[in-house]
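*Asks:* Residue numbers (this note's numbering), protein chains in the order written: chain X, 1 to 566; chain G, 1001 to 1566.
Quick reminder that beta carbons are idealized off the backbone N, C-alpha and C, glycines included.
Since the structure is predicted, the reported quantities are computational estimates derived from the model, not experimental observations.
Have a look at this one before I ask anything.
This is the structure we're talking about:
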């Protein structure tokens, strides 16, 4: 084992961070060890971190190369990513023969199991530290696969994703160590000698864990499952979305480096890139070696995995329909600007973006007087127009449409109802091929069963519906029905009434959905912070797991007890 | 709310016990608040507890009556239990219309949710205390439904079952409170004001939890799921095995009493007794209201539940094949007597009873010299004969065969191989109709693919196989194959070799099975103690959950967060 990554050195470097993370998941106060500002990296930043120019250079250097990860069972090379901003990435990745790669991954389990929960956690933290140091490079990789604007790709794809990974490691460590490693058990027997046993308890991984990555947030949605499984003793096979391979391939490369340096088999983390149209997720998911699956993507494939990959623990995040209930507000301008930002960020291509704004048809009381349904719709449209008026700001907020499906949905949306705010094309100064479009806002009549039906399914992308409802009570009924039938990652509400607040809470408790109330400042309903906020609830159709809680980690390993007469 | 069950009073009475239970699941040292000795109950025992005569009288008084639980939707009465010892119980139970009962149970959830994790735990502890006070009565109910001998019915069906229920409450409480109820989150923004949110976190139940009880251990196998679900905010519908209704019906009655006295809706716990042949488990399991299922029983129905009750979290304990590997021993007599007891207890009708004894065909070294395969088999048979020679002792250990299926399997077992120890009928002095039979020991040749095949499936009941194998290495290969293909609740091994010990451990780690090494005294491989031992691992085909760990409770509720701008 290389001296620089001995358990002692790992402990010295990372144990304080692990302890802080363990504290954070208990208090749920704000905490992060990963700086958010791009200027915080490089000289004077985290050890060995690349600054802006170095990170860009590192990204450029990997383009048009073959990324050899040294994996067993590599039977060819594949690639073909094209940036939503236009350029072809030109990176080739190893294509794996699972009949060779999977046994090699299983062979790596014994040493990783024997290392125990603490060493596993510390190795994971070293991997995260290496990733953190390369945040600038990864930001470009995320930007040019997801279409996110650079700053968002940097923050959500960098520190926020790393936070979610670290959070998963903390939960995994806490869960594995809630049972002690040894216990001496002595049961009194009256006047006879007590019965005595010496017991040891061992966290054992389940088998190979498959991560099926997504296009929009390859690292943010990928790291929780990757690190939760690795920290609990499982090898992780990373199957990226074919349009978003690079961020996860670089991640796998760093993980393999660290594992080898720490004296473990690098095959504990491997990449499964696929050839165009190969659809290997379906094949891999049913392999008997695969015991855990993490998936973010469509409801159709998520449901298929849950129904068919019966040999595995399956954690899914699927489609949902997020709702904002507008009942009343004492900060009308704050509400408008908050909503305008929420609807615009990354062109609504977040699983947490609100889709349906439920507004009583007779209007709502506000601090600037009664506003009719038409007023509210006009004012939200106006706030969005103001926010996105300037092309530079619009580009920085919207990013590019991630793929042609989103663009097609946006183009079709105008037919779903009266357009309150049309979408406009924004020119990108650096990437003329980028498809940058402002969101469309569509009016729907929620009191007409046909008129409102479009809001009852997910329309992923920059499309929102301003739905006129009979009353706040009707809004809550529609909210309940929407969560129950379609699922929801987020719910928001604006109200000055304690009774309405209580009623919205009750719907969210009954239907298990995360609620944000009266957000009018710089926190948005679509953003959740690791260590404090839960992403999804795991209790409605949008996702069967939450990031991150005990349930997300506790079934990725089992405890095997060995007892001996003492 | 009745004054005697106010939250304050509940806390005063039960909080210290809850704290001790929380401590026990962390240290896993011996602990139990429930006395094991029958004489510990009644005068001078736990408050309000019935002594032996009172308990018997209470049991006699419920026979041949209609047990009205006051449940909504009762559309008739059903019963028909016959004791494995002969007598008809004659108790009638309410038959429920689920279209009425289930909505009433769901309507009870709001108040139970609002009570919070601590009050829910304390109410569960009061229910367990009432059950504990009626241990003598319940012991007769368990004896006359499971066929267990009285002392076993008393201990396993009483204090040990109550321990497992309390353990589940402790895990449920710990899991729900690992997230604080509130948090103030403040994220620095450089020179600007920090972003501030006030957050509250709420454990919300998933929906109605269905407990599908078993014939052999209605309370021991039933209480963990019942109390885990109730403590995490879910109403529990108890569907007992049609041959073992009474113990769970009395449990439901006590739970409903306590819930009402504490000011909660008694419909949080209800009974679903079925008419002969009705098969309501299958119907109930697919109802959309059912969100959690706990099941103990056959692999066929367990697999069906896992595949079909997709709207629910399904926790199953199914069939398995338990193995003992005999490599060597330094206490041959201790080994023989320990194994004889393990094979005889409750006529082998425990999911933890060893079935296959793997013995090298060339024999094993012991402290009393080398013993051939034939020696070992003869000596185990001799130890069993000695243990069960006396009818009174045999009756006290064996109990009665729980149902005709077990008897049929026992009768057929003689055809599976050479009989090393035949079964004999034991006369019961009090119950001439009881079918009491000593276990049969069958010799199999594990080196012959056909000769050894009988040992590769579960033969539930008083049937064990002494399997001759080529070597200890061959034994470990067969052990691995057996766990992987058939599952195992327990594994035992006898060896004086550290290398063999390590090799057995590795198989158990790889295949996720609980291991007992060199048991030669008063602890038996088929017994596990709550708060310290895990029952099953949840990682092999015998069960998808372990009693009790974080995974058993963490997905019975979800955490809903409400965040507000601060």
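Apart from the five residues just before and just after residue 184(X), which ones in its own chain have a Cβ nearer than 8 Å to its Cβ?
*Replies:* 196, 197, 198, 199 and 566
*Asks:* Restricting to runs no shorter than 4 residues, where is the alpha helix (DSSP H) found entirely within the segment 74-106 of chain X?
*Replies:* With a minimum length of 4 residues, no continuous alpha helix (DSSP H) run stays inside the segment 74-106 of chain X.
*Asks:* Give a yes or no on contact between the segment 1235-1248 of chain G and the segment 1209-1217 of chain G, applying the rule of three or more CB pairs nearer than 8 Å.
*Replies:* Enough Cβ pairs lie closer than 8 Å, so yes.
*Asks:* Under a three-way DSSP split, which group does residue 1409(G) fall into?
*Replies:* Assigned with DSSP and collapsed to three states, residue 1409(G) falls in helix.
*Asks:* Could you pull the start and end residues of the alpha helix (DSSP H) that residue 1009(G) belongs to?
*Replies:* That run of the alpha helix (DSSP H) goes 1007-1027.
*Asks:* With a threshold of 16 other CB atoms inside 10 Å of the CB of residue 512(X), please say whether the residue is buried or exposed.
*Replies:* buried
*Asks:* Identify each residue in the segment 1526-1545 of chain G for which the Cβ-Cβ distance to at least one residue of chain X is less than 8 Å, and report them in chain order.
*Replies:* 1529, 1532, 1533, 1534, 1537, 1538 and 1539
*Asks:* By Cβ distance, which residues of its chain are closer than 8 Å to residue 129(X), with the 5 residues on each side in sequence left out?
*Replies:* 13, 14, 46 and 47
*Asks:* Hey, is the segment 1519-1529 of chain G in contact with the segment 1358-1369 of chain G, meaning 3+ C-beta pairs nearer than 8 Å?
*Replies:* Contact between the segment 1519-1529 of chain G and the segment 1358-1369 of chain G is absent, because fewer than three Cβ pairs lie under 8 Å.
*Asks:* Taking only the alpha-carbon atoms, compute the straight-line gap between residue 1327(G) and residue 187(X) and give it to the nearest angstrom.
*Replies:* 28 Å
*Asks:* Can we say the segment 1437-1457 of chain G touches the segment 1409-1420 of chain G, given the rule of at least three CB pairs closer than 8 Å?
*Replies:* yes
*Asks:* With DSSP as the reference, label residue 1376(G) as helix, strand or coil.
*Replies:* helix
*Asks:* With DSSP as the reference, identify every bridge partner of residue 1212(G), one or two as the case may be.
*Replies:* 1239(G) and 1295(G)
*Asks:* If I'm right that residue 514(X) touches residue 538(X) with Cβ under 8 Å, what's the distance once you round it to whole angstroms?
*Replies:* Not confirmed; about 10 Å, so no contact.
*Asks:* Which residue comes first and which comes last in the beta strand (DSSP E) that contains residue 1558(G)?
*Replies:* Counting along the chain, the beta strand (DSSP E) containing residue 1558(G) begins and ends at 1557-1565.
*Asks:* In this structure, does DSSP put residue 218(X) in helix, strand or coil?
*Replies:* coil
*Asks:* Can you tell me which of 96(X), 80(X) and 242(X) puts its alpha carbon nearest to the alpha carbon of residue 73(X)?
*Replies:* 96(X)
*Asks:* Once you ignore the five residues that flank residue 1546(G) on each side, which residues in its own chain have a CB closer than 7 Å to its CB?
*Replies:* 1534, 1535, 1536, 1537, 1538 and 1552
*Asks:* Please report the residue range of the alpha helix (DSSP H) in which residue 135(X) lies.
*Replies:* 135-146
*Asks:* Measuring alpha carbon to alpha carbon, tell me which residue in 468(X), 147(X) and 311(X) is nearest residue 441(X).
*Replies:* Selected option, being the one with the closest Cα: 468(X).
*Asks:* Could you check how far apart the C-beta atoms of residue 352(X) and residue 544(X) are, in whole angstroms? I think they sit under 8 Å.
*Replies:* In fact, because the Cβ distance is near 17 Å, the residues do not count as touching under 8 Å.
*Asks:* Between the alpha carbons of residue 470(X) and residue 496(X), how many angstroms are there, rounded?
*Replies:* 19 Å
*Asks:* Using a 10 Å radius around the Cβ and a threshold of 16 neighbouring Cβ atoms, would you call residue 1559(G) buried or exposed?
*Replies:* buried
*Asks:* Which residue wins for smallest C-alpha separation from residue 1242(G), given the options 1090(G), 1268(G), 1266(G) and 1460(G)?
*Replies:* Closest by C-alpha distance to residue 1242(G), out of 1090(G), 1268(G), 1266(G) and 1460(G), is 1090(G).
*Asks:* Closer than 8 Å between beta carbons: that is the criterion. Which residues of the segment 197-223 of chain X meet it against chain G?
*Replies:* Sequence-ordered contacts of the segment 197-223 of chain X with chain G read 197, 199, 201, 202, 204 and 206 [C-beta pairs closer than 8 Å].
*Asks:* Do the segment 268-280 of chain X and the segment 100-113 of chain X meet, that is, are 3 or more Cβ pairs less than 8 Å apart?
*Replies:* yes
*Asks:* Distance cutoff 8 Å, beta carbons only. Does residue 1016(G) sit that close to anything in chain X?
*Replies:* The beta carbon of residue 1016(G) sits no closer than 8 Å to any beta carbon of chain X.
*Asks:* Check whether chain A comes within 8 Å of residue 1164(G), counting only Cβ atoms and requiring the distance to be less than that.
*Replies:* Chain labels in this structure do not include chain A; the protein chains are X and G.
*Asks:* Less than 8 Å between the beta carbons of residue 1261(G) and residue 1005(G), yes or no?
*Replies:* yes
*Asks:* Keeping to the same chain, check which residues put their C-beta closer than 7 Å to that of residue 272(X); ignore five residues upstream and five downstream.
*Replies:* Taken in chain order, the residues that qualify are 96, 237, 238, 239, 280 and 284.
*Asks:* Can you give me, in chain order, the residues of the segment 24-35 of chain X that have a beta carbon less than 9 Å from any beta carbon in chain G?
*Replies:* Taking 9 Å as the Cβ-Cβ cut-off against chain G, the residues of the segment 24-35 of chain X that qualify are 25, 26, 27, 28, 29, 30 and 32.
*Asks:* Determine contact between the segment 304-324 of chain X and the segment 475-486 of chain X, defined as no fewer than three beta-carbon pairs at a distance below 8 Å.
*Replies:* yes
*Asks:* So, with DSSP's three-state summary, where would you put residue 1431(G)?
*Replies:* Residue 1431(G): coil per DSSP, three-state reduction.
*Asks:* Can you confirm whether the segment 1426-1436 of chain G touches the segment 1365-1380 of chain G when touching is taken to mean that 3 or more C-beta pairs between the two stretches lie within less than 8 Å?
*Replies:* Not touching, per the Cβ criterion.
*Asks:* Using the Cβ count rule (16 or more neighbours within 10 Å means buried), how would you classify residue 1296(G)?
*Replies:* buried
*Asks:* To the nearest angstrom, report how far apart residue 1138(G) and residue 164(X) are at their CA atoms.
*Replies:* 49 Å
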